[in-house]
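Undergrad: Quick note: to get our numbering, add 8 to the position in the sequence shown (first position is 1).
Ideal placement from N, C-alpha and C gives every residue a C-beta, glycine not left out.
Next up is a structure, given as structure tokens.
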Amino acid sequence: MKIYTKTGDKGQTSLIGGTRVPKHHIRIEAYGTVDELNSWIGLLRDLEVTPQAQTTLIEVQDRLFTIGSSLASDPGKSKMKIPDLKEDDVLLLEKEMDSMNETLPEMRSFVLPGGHPVVSYCHIARCVCRRAERAVLRLSETEFVAEPVVKYLNRLSDYLFVLSRSLGQELKAGEIPWKPRM
9 MKIYTKTGDK GQTSLIGGTR VPKHHIRIEA YGTVDELNSW IGLLRDLEVT
59 PQAQTTLIEV QDRLFTIGSS LASDPGKSKM KIPDLKEDDV LLLEKEMDSM
109 NETLPEMRSF VLPGGHPVVS YCHIARCVCR RAERAVLRLS ETEFVAEPVV
159 KYLNRLSDYL FVLSRSLGQE LKAGEIPWKP RM
């Protein structure tokens, strides 16, 4: 099987189910941004992260493929069995955040992203996750999107923030609080 089909040369692509849509369609934007997020998570996983974070990030990447396949399907036409997100997927992220928060100092202000490349990549992934969430929410205004998709992306961005703080602490990066000028 060749990777190139030439069927998209005129700016259209197929959803799972066969429906052709423009490559700029909000559905394509949504799953494309989820794909971009998955790549950032892969980069993050390749850096200096704890074994626990590596395990969780692999799980996250698998769930992002689940989300991508859901978003790439035409809900009205696809007969293909697509994996589903489960409440346990969200609960795993919450459990991981609770565990990391046990050793983190209480937040008293916003913190500036950065301090170490690993921390910065967590923040980049968090921002891309929020962009994916916004694209999915735009899509959900006109087309069906399974509720767990939005919930998972919302929780994932929180997880990535807490992970940035946890890894920053482990790497002794130090947090710089934002001090607004008044």
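Can you tell me whether Ser81 is buried or exposed? The criterion is at least 16 other CB atoms within 10 Å of its CB, across all chains shown.
TA: Label assigned to Ser81: buried.
Undergrad: For a test of the three-state rule: what should DSSP assign to Thr13, helix, strand or coil?
TA: Three-state result, Thr13: coil.
Undergrad: With contact counted as at least three CB pairs below 8 Å, one residue from each stretch, are the region 86 to 97 and the region 108 to 124 in contact?
TA: The answer is no - the region 108 to 124 does not touch the region 86 to 97, with fewer than three Cβ pairs under 8 Å.
Undergrad: Taking C-alpha atoms, which residue in Val153, Arg146, Thr150 and Val127 lies nearest to Val57?
TA: Looking at the Cα atoms, Val127 is the closest of the given residues.
Undergrad: Output yes if chain B places a C-beta closer than 8 Å to the C-beta of Trp48; else output no.
TA: Looking for chain B here will not work: only one protein chain is present.
Undergrad: Could you pull out every residue in the same chain whose Cβ sits closer than 8 Å to the Cβ of Met108, ignoring the five residues on either side in sequence?
TA: Cβ within range, chain order: Val170, Leu171, Arg173 and Ser174.
Undergrad: Can you give me the C-alpha to C-alpha distance between Leu65 and Thr150, rounded to a whole angstrom?
TA: Near 31 Å, if we compare the C-alpha coordinates of Thr150 and Leu65.
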